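Take a look at the structure below.
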Amino acid sequence: MSQKVVTVSGEGVAGLQKKKMNMWSIAFIIYCMTAAGAFGIEAMIPNCGPGMTLLILAVLPIIWVIPICLAVSELSAFMPEESGMYVWTKEAFGEAWGFCMGWWGSLSVYLGMASYVVLVVGYVGKFMELSPTMAMCIKVGMILIFTIINLLGIKEVGIVSTIFSIVILAAFALVTVVGFANWNYNPVTPFIPEGQGVFDSLGLGICIGIWMYCGYAVISNMAGEIENPKVIPKAFKAIIPIIALSYILPTIAGLASVGNWQMWGIDTGEGGLDYASVLTLNLGKGWGIVFLICAIIAQCAIFNSYIAAGSRAFFVLGDDKLSPKFLTKLSKNRKIPYWPILILAAFTMLLMNLDFSVLLTVIAPLGIVCYIVLSFVFIKLRKKYPVNERGDVYYAKGGKLTEAYIVICPIIVGILALFVNGTEYFLIGFVSILSGVVAYIIFKIIFGGLTKIDPVKYPLNEKTRLAKGDGVRIGIFLMLFGVLLLAGGFFLAWYEGGWGVDYYEYIYKSGFMSDFWLMINTSKIGGAVMTAAGAALYLLGKKFDPVK
Numbered sequence: 029m030s031q032k033v034v035t036v037s038g039e040g041v042a043g044l045q046k047k048k049m050n051m052w053s054i055a056f057i058i059y060c061m062t063a064a065g066a067f068g069i070e071a072m073i074p075n076c077g078p079g080m081t082l083l084i085l086a087v088l089p090i091i092w093v094i095p096i097c098l099a100v101s102e103l104s105a106f107m108p109e110e111s112g113m114y115v116w117t118k119e120a121f122g123e124a125w126g127f128c129m130g131w132w133g134s135l136s137v138y139l140g141m142a143s144y145v146v147l148v149v150g151y152v153g154k155f156m157e158l159s160p161t162m163a164m165c166i167k168v169g170m171i172l173i174f175t176i177i178n179l180l181g182i183k184e185v186g187i188v189s190t191i192f193s194i195v196i197l198a199a200f201a202l203v204t205v206v207g208f209a210n211w212n213y214n215p216v217t218p219f220i221p222e223g224q225g226v227f228d229s230l231g232l233g234i235c236i237g238i239w240m241y242c243g244y245a246v247i248s249n250m251a252g253e254i255e256n257p258k259v260i261p262k263a264f265k266a267i268i269p270i271i272a273l274s275y276i277l278p279t280i281a282g283l284a285s286v287g288n289w290q291m292w293g294i295d296t297g298e299g300g301l302d303y304a305s306v307l308t309l310n311l312g313k314g315w316g317i318v319f320l321i322c323a324i325i326a327q328c329a330i331f332n333s334y335i336a337a338g339s340r341a342f343f344v345l346g347d348d349k350l351s352p353k354f355l356t357k358l359s360k361n362r363k364i365p366y367w368p369i370l371i372l373a374a375f376t377m378l379l380m381n382l383d384f385s386v387l388l389t390v391i392a393p394l395g396i397v398c399y400i401v402l403s404f405v406f407i408k409l410r411k412k413y414p415v416n417e418r419g420d421v422y423y424a425k426g427g428k429l430t431e432a433y434i435v436i437c438p439i440i441v442g443i444l445a446l447f448v449n450g451t452e453y454f455l456i457g458f459v460s461i462l463s464g465v466v467a468y469i470i471f472k473i474i475f476g477g478l479t480k481i482d483p484v485k486y487p488l489n490e491k492t493r494l495a496k497g498d499g500v501r502i503g504i505f506l507m508l509f510g511v512l513l514l515a516g517g518f519f520l521a522w523y524e525g526g527w528g529v530d531y532y533e534y535i536y537k538s539g540f541m542s543d544f545w546l547m548i549n550t551s552k553i554g555g556a557v558m559t560a561a562g563a564a565l566y567l568l569g570k571k572f573d574p575v576k
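Residue numbers (the working numbering): 29 to 576.
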């Protein structure tokens, strides 16, 4: 008897042009999205100690990166669709949850893009004085250049990412060689700062560590344009060890050669140290300028790759009648979704002069939540489409043990990161998370959603104007995040209670975020209200609007 083989359409959006890309082009796009150098690790060292920093950098690939990459590789191979995380979540849990995944991913990109432009101007300002007009010209020029590259197509994005990646990796390889050649200090002592507990040090470091190891799922946004999606798992296998080593080796070399771990940090003012210091102290100041240029290239690399990734989600949502239809228009010759790219560029120009301290508190929780939800999507689709019925399609081997590894590790690490990122990050992050379900309700009512495409498969509840079963789905959404918000309130009261009052008053001076206990009570009460509202909506939905 022949074995039944299940398949899921990989045709994606009609008219979208697929490009054949080699493994290294994909690998370097992933590198630019997730790493583009070890910039940022400098802040970990004085906060959690040299030894703890290196331990976090070594362990996170095992318990965070590899599980996520295995999930993304398997789902990209089985369902190689544009805006992959949206499509996979929609297939697993319906269009409401799918929309939220697409919304969260896009929102984090839209709010974060301008920060890379600001960083470039900041780096340029370190070796030449910039007038406001000159700074504005650099910002606008950077946005225009990489917008044009993205309008040419994903293949061109891959070429630029490859060139940038080679330059950045070469710079950090030089830091590694010079650092090891001038070894003077023990790079792992002290393990944590004196007088600081292990758990406190871990909490301070894990958030930056996860930020350094984020972005791996974003390649799925462009999977529908890759003619040979089997290269995605191969690209992950090639680039994961390169990224980990490009973080760990230069950090060891830097600490071993220049020491003074307390002086490391992103703000390298008088006496401050960073990776460029390894070259300036051992080879001369000229090499520091060379490394500064590489830092500028790194921000450009991230910016270039994230235009490609961030512009695809609303394009696919438009095709599914969950956002304006004009977003699905393709350029005549290259078949590129030009409207989302142009809108992202315009949005970046609007935000590039703002203070990003608050916006960044929104971005981090969104990415973490996407990876937590992705774990549930992975296991749901494995149950819905068993791997032994998928035919000759890549999947992560290892049976139930591998499944548990892929699902449990990101959930535990992700929830821990949400809880220890800071009370203000935790609360503002939940506002951005809730914006997903609010936006879904609005967009569904205005544009109709999948009901417009197939009213039989995706029936509408005429009373609510949402999909049938959305009452249950939104109820589950509110219960899950309500419990998380409630638990976070109690955890943060214990975790930050000893110092939170003075810290937040000192940092924020006045207002909501300056009052630690007001934030804690908001988390507890808000979590309880959300949980109760979700339970009520779930019970009403089960009775009057059950999921088909």
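Glycine included, C-beta positions come from ideal geometry on N, C-alpha and C.
Here the structure is a predicted model, which is why all the values come from computation and not from measurement.
Non-local beta-carbon contacts of Trp116 in its own chain, meaning distances under 7 Å to residues more than five positions away in sequence, involve Leu103, Met107, Val405 and Leu409 in chain order.
By the neighbour-count definition (other C-beta atoms within 10 Å, threshold 16), Asp482 is an exposed residue. According to the DSSP secondary-structure assignment, Trp292 is paired through a beta bridge with Leu301.
In its chain, beyond the 5 residues on either side, Phe375 have a beta carbon closer than 6 Å to the beta carbon of Tyr138. Residue Gly476 holds the alpha-carbon nearest to the alpha-carbon of Ser351 among Ile236, Gly476, Leu179 and Asp573. In this structure, Ala99 lies away from Leu311, with their beta-carbon atoms at least 8 Å apart. The beta carbon of Gly562 is closer than 6 Å to those of Gly503, Leu506, Met507 and Gly510 in its chain, skipping five residues each way along the sequence. Close CB contacts of Ile391 within its chain, under the 7 Å cut and outside five residues either way in sequence, are with Ser136, Leu139 and Gly140 (chain order). Excluding residues up to 5 positions away in sequence, Ser229, Leu232 and Gly233 lie with their Cβ nearer than 6 Å to the Cβ of Cys76 in the same chain.
If you check the CB distance, Phe127 and Phe447 do not come in under 8 Å. DSSP places Leu494 within a strand segment (E or B) once states are collapsed to three.
Between the beta-carbon of Tyr399 and that of Ile96 there is about 6 Å, and that keeps the pair under the 8 Å contact cut.
Counting C-beta pairs with one atom in each stretch, the stretch 49-59 and the stretch 250-269 have three or more that are closer than 8 Å, which means they touch. Excluding sequence positions up to five before and after Val149, its CB lies within less than 8 Å of the CB of Leu158, Ala163, Ile166 and Lys167, all in the same chain and listed in chain order. Note: Asn489 is bridge-paired with Leu494 in the DSSP secondary-structure output. The beta carbons of Cys60 and Phe174 sit about 11 Å from each other, so the pair does not count as a contact at 8 Å.
In this structure, Ala337 places its C-beta atom within 8 Å of the C-beta atom of Asn249. The DSSP-derived three-state label of Ile254 is strand. In the three-state reduction of the DSSP assignment, Lys363 falls in the coil class, being assigned neither a helical nor a strand state. For Ile247, no alpha helix (DSSP H) encloses it, and the DSSP letter there is neither H nor E. Taking all protein chains shown into account, Asp530 has fewer than 16 neighbouring C-beta atoms within 10 Å of its C-beta and is therefore exposed. Annotation: the continuous alpha helix (DSSP H) that includes Asp228 extends over Val226 to Met240. Exclusion of the five residues before and after Gly457 leaves Pro393 as the residues of its chain whose Cβ lies within less than 6 Å of its Cβ.
Taking a C-beta distance under 8 Å as the contact criterion, Ser285 and Val306 qualify as a contact pair.
Residue pairing for Lys47: DSSP places it in a beta bridge opposite Ile254.
Scanning the stretch 427-451 from its first residue to its last, no whole beta strand (DSSP E) run of 3-plus residues comes out. Around the beta-carbon of Met156, fewer than 16 other beta-carbon atoms lie within 10 Å, marking it exposed.
When secondary structure is reduced to three states using DSSP, Glu123 falls in the helix class. CA-to-CA, the gap between Met80 and Lys496 works out to about 50 Å. The DSSP-derived three-state label of Ser403 is helix. Apart from sequence neighbours up to five positions away, the residues of its chain that approach Trp131 with a beta-carbon distance below 6 Å are Gly464 and Ala467, ordered along the chain. Note that the C-beta distance between Gly554 and Leu512 is not below 8 Å. Val87 and Thr451 have their alpha carbons spaced roughly 25 Å apart.
When C-beta atoms of the stretch 191-203 are compared with those of the stretch 355-366, fewer than three pairs fall below 8 Å, so the two segments do not count as touching. Residue Ala64 holds the alpha-carbon nearest to the alpha-carbon of Tyr275 among Ser189, Ile369 and Ala64. The alpha-carbon separation between Ile364 and Ser134 amounts to approximately 18 Å.
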